[in-house]
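I have placed the structure first, in the form of C-alpha cells, so that the comments after it can refer back to it.
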Amino acid sequence: MNEAALMRIRITLLVALFTAGSLGLALIYAPTVHVRAATGSEDELSRGVRAIAEAYSLVEQNFADPVSSERAMYEGAIPGMLRTLDPHSNFLDPTEFRDMQRRQHAQYFGVGMEIAVDEGKIVVFQPFPGSPAWNAGLRRGDAVAAVDGRSTKGMDTADVANMLRGARGTPVSVTVERPGAPEPMTIQVIRGEIQTSVVDAYWLKPGIAYLGITTFEAENVSQDLETAIQALGEDKVQGLVLDLRGNPGGLLNEAVAVAGRYLRNGQTVVSHRGRAEQEQIFRAKAQSLGQRYPIVVLVDRRSASASEIVSGALQDHDRAWILGETTFGKGLVQGQFPLSEGAALLLTIAHYYTPSGRLIQRDYQHRSFFDYYYAGRNDGPNLQDVKATDSGRKVYGGGGIAPDEKFDPPKGNLFQRHMVVSNAFFHFGSVYFSGHTPVVAEGWSPDAETLQGFRNFLDAQEIPYTEEEFNTNRQWILDQLRWELYSRALGKKTADRAAMRSDAEVNYAIQCLPKAQALFQEAQRVIAQRRQRR
C-alpha cells in the first residue's frame, strides 16, 4: 500500500471520528447542541489511527479477493467502533443519510407509492390514494417489470425507488405485469410532490376520537396532528384513544409538541443531559382544548424513544391512562454529526428523563445486540429506580414505560403465521380484482361467497390447511380479507380505519376512558391541595 493510499485511510478515519458540523435533529433526534473538542492524547489517537491504517494495508495486500476501501470503512471500521459504545449509535452512508433526511422532511418528488419484493419481483405494495401513481392507474399487486424501458430484474427496492423519483412534472414510464391481464402494460406517470403524513384522526363512535401516530421521524408530525384534530372538531371530543403501538420514535421536538398540547402550560415534558452538555428541560406549550377530555394511550413493546417520551410525560403527570405492554426502553438521545462525502454519525450524546426523573433505558451492557433487540424481557418493576407521579403513584425506571393496565395482544397461531408468510391474502387480492372491478364500498364486509373464493384460492395454490384451522380462524380470515380488499379498492387509510374499529384493544381502551378521567381529576385535586398548604 503506497503512502498516498495510507494517508487517505487515515484522513477517512479522522473525519469519521471527529467531524462534528452543525448538529441537527437527532434520533431521538435532539435539537442542535454544542460539543466539546476531544480531550484524549493526540499521540494516543495517532497510534490508534496508525494501527487501523496498517491493519487495512495488510488486508489490502494479502486478502484473497480485491478489497474496497469504502466498504472497509463504511461497513467495517466505523460501524465496528460504534458497536462498542451502545446499540443506538449508528453510521449512515450517504444513501442512508439522504433517505433519513427525506423521511424527516416528509416530502419528495416522485410517483407516490410503496414498493416491495414478492417472489423475486418488485411489486406495487401500496399506491397512495390521490397520488400520481394512483391517478395514473397503478394498483396494489402490479409487478413492476421496467421503468423507462429499463428492466427491474435483479434490482432491489432502493434501486427501483431511485428510478421512480425525479423532478416534479417530469414523466416516467412504468411497465407492469398485472394478474389477469394478457400482457404487460406501460403506464405513464407524471411525477409530483409527494407529501406523507403519519397521523390519522377519526371518530370511533360519537364523541370518542382515535388519534394514531405511526412515527415521530417527520418534522411535520405535530402540525399534522393539529390539522387532523381541527378537521375532526376538537370541541366535540369527549374522550381520546392515542395509539402509539409500534411507533419506533423519531424527533425529540415533535414528541415534546405532541405531549405538551395535552399538559398544562409550562409543565415538564422531558429533560436530557450528557457528558458534554448541561441539563436541558423541555416544557409544554398547552392547547386549551387538549385539557378538557380523558386520554387512553396504547403502547406495546415496539413503542420506543419519542413515543416513550409522550407516554412517559402523560403518565408522570397523571394526564392519561397507559394501556398495553411495557414499552421498548430507549432512553438515549442521538446527535446527528454530518461527515464528509455525505455520510453521518448518529452518536449517543445524552440520556433523557421523564418528568418524574425516570431514566427508562434498558440495560445493554451485559447482553448481545440480538438479545437487546429481540430476546424476551423481564417486565417487572425496577425497584432501584422508584419515582412518583403528580398524584403520588409509584412509577419505575430502567426498563421502558410500564402500562397502568396491561393488555396482552392476541397471539398468532401457526395457521395465521403460515397465511402471512405465504402472502396468501395479498395474492388472493390480485386474483380477486383481476379482469373486473368488484364492488367494495366503505361498510362492505366479505360475504360467504368471498370466503369460499379464498378457500378455493388456497386449494388452487396448494397452500395447506385443515378444516378445523379454517373454521377456528374464520373471523381472523374475514378481517384480513376485508383489510386487503379495502386497501386495493379504497386505499390503506380506509382499510386501517375499518380494522381499528374492530380492534380488541382499541375497544377496550374506550371502556378505560372513565379510569383516565378519574386519574386526571385525582391528580388535579392533589395538586390543588399542595398549593393550599404553601
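Numbering-wise (our numbering), the sequence shown opens with residue 6 and increments by one. Ideal placement from N, C-alpha and C gives every residue a C-beta, glycine not left out. It should be emphasised that the depicted structure is a prediction, and the values quoted were computed from it without experimental measurement.
| In its own chain, which residues sit with a C-beta less than 6 Å from the C-beta of residue 189, not counting the 5 before and 5 after it? | 150, 180, 182
| request: Return the chain-ordered list of same chain residues with a C-beta closer than 7 Å to the C-beta of residue 220, the five sequence neighbours on each side being excluded. | output: 203, 252, 253, 255
| residue 247 to residue 230, Cα distance in whole Å? | 11 Å
| Using CA coordinates, which residue listed in 486, 165, 494, 333 is at the minimum distance from residue 462? | 486
| said: Please give the ranges of any beta strand (DSSP E) in the stretch 247–306, keeping only runs that are unbroken, at least 3 residues long and fully inside the region. | reply: 273–279, 282–288, 300–304
| Looking at C-alpha atoms only, which residue of 492, 266, 122 is the closest neighbour of residue 293? | 266
| Cβ neighbours of residue 358 in the same chain (closer than 6 Å, five flanking residues each side left out) | Around residue 358: 276, 364.
| Does the stretch 494–503 touch the stretch 437–454, meaning 3 or more C-beta pairs lie closer than 8 Å? | Yes, they touch.
| said: If contact is defined by three or more beta carbon pairs under 8 Å, each pair taking one atom from either stretch, is the stretch 301–316 in contact with the stretch 334–349? | reply: Yes, since at least three Cβ pairs between the stretch 334–349 and the stretch 301–316 fall closer than 8 Å, the two stretches touch.
| query | Taking Cβ positions, are residue 217 and residue 241 nearer each other than 8 Å? | reply | no
| query | Between residue 172 and the rest of its own chain, which residues show a CB-CB distance below 8 Å, the 5 nearest in sequence each way excluded? | reply | 114, 196
| query | When you compare only the Cα positions, how much space is there between residue 100 and residue 164? | reply | Going from the Cα of residue 100 to the Cα of residue 164 covers about 11 Å.
| message | Threshold first: 3 residues or longer. Then list the beta strand (DSSP E) segments lying entirely within the stretch 397–480, N to C. | response | As far as the stretch 397–480 is concerned, its whole beta strand (DSSP E) runs of at least 3 residues are 399–401.
| query | Taking C-beta to C-beta, are residue 300 and residue 409 nearer than 8 Å? | reply | Contact: no.
| Are the beta-carbon atoms belonging to residue 387 and residue 362 less than 8 Å from one another? | No, the pair does not count as a contact, with Cβ atoms beyond the cut-off.
| query | Should the stretch 414–431 be regarded as contacting the stretch 477–493, the criterion being three or more beta carbon pairs within less than 8 Å? | reply | By the Cβ test, the stretch 414–431 is in contact with the stretch 477–493, since at least three Cβ pairs between them sit closer than 8 Å.
| Alpha-carbon to alpha-carbon, residue 477 and residue 433 | 20 Å
| query | Where does residue 112 sit, in a helix, a strand or coil, going by DSSP? | reply | strand
| message | Counting C-beta neighbours from all protein chains within 10 Å, is the total for residue 191 16 or more, i.e. buried, or is it exposed? | response | With fewer than 16 other CB atoms across the displayed protein chains lying within 10 angstroms of its CB, residue 191 is exposed.
| DSSP on residue 343, reduced to helix/strand/coil? | strand
| field | Given residue 234 as reference, the closest of 207, 258, 244 once Cα atoms are compared | value | 207
| residue 313 by DSSP, collapsed to three states: which one? | helix
| task | To the nearest angstrom, report how far apart residue 144 and residue 131 are at their CA atoms. | result | Rounded to whole angstroms, residue 144 to residue 131 spans 7 Å at the Cα level.
| Per DSSP, what kind of secondary structure is residue 102 in: helix, strand or coil? | helix
| query | So what's residue 123 in DSSP terms, helix, strand or just coil? | reply | strand
| query | Is it right to say residue 95 is buried, meaning 16 or more other beta carbons lie within 10 angstroms of its own, or is it exposed? | reply | buried
| query | Under a Cβ-count criterion, where at least 16 other Cβ atoms within 10 Å of its own Cβ denotes burial, should residue 63 be classed as buried or exposed? | reply | exposed
| message | Rounded to the nearest angstrom, what separates residue 489 and residue 158 at their Cα positions? | response | If you draw a straight line from the Cα of residue 489 to the Cα of residue 158, it comes to about 26 Å.
| request: Would you give the residue range spanned by the beta strand (DSSP E) that residue 152 belongs to? | output: 148–152
| query | How long is the line joining the alpha carbons of residue 537 and residue 395, rounded to whole angstroms? | reply | 15 Å
| query | Among 97, 155, 162, 102, which residue has its Cα nearest to the Cα of residue 128? | reply | Among 97, 155, 162, 102, the Cα nearest to that of residue 128 belongs to 162.
| said: Assuming residue 190 is part of the alpha helix (DSSP H), what are its boundary residues? | reply: No alpha helix (DSSP H) holds residue 190; the beta strand (DSSP E) holding it covers 190–195.
| Residue closest to residue 109, alpha-carbon to alpha-carbon, out of 535, 438, 258 | 258
| query | The beta strand (DSSP E) spanning residue 355 covers which residue range? | reply | 349–358
| Exposed or buried, which one is residue 41 when buried takes at least 16 other CB atoms within 10 Å? | Its pLDDT being 44, under 50, residue 41 is placed unreliably in this model, and the coordinates cannot settle the point.
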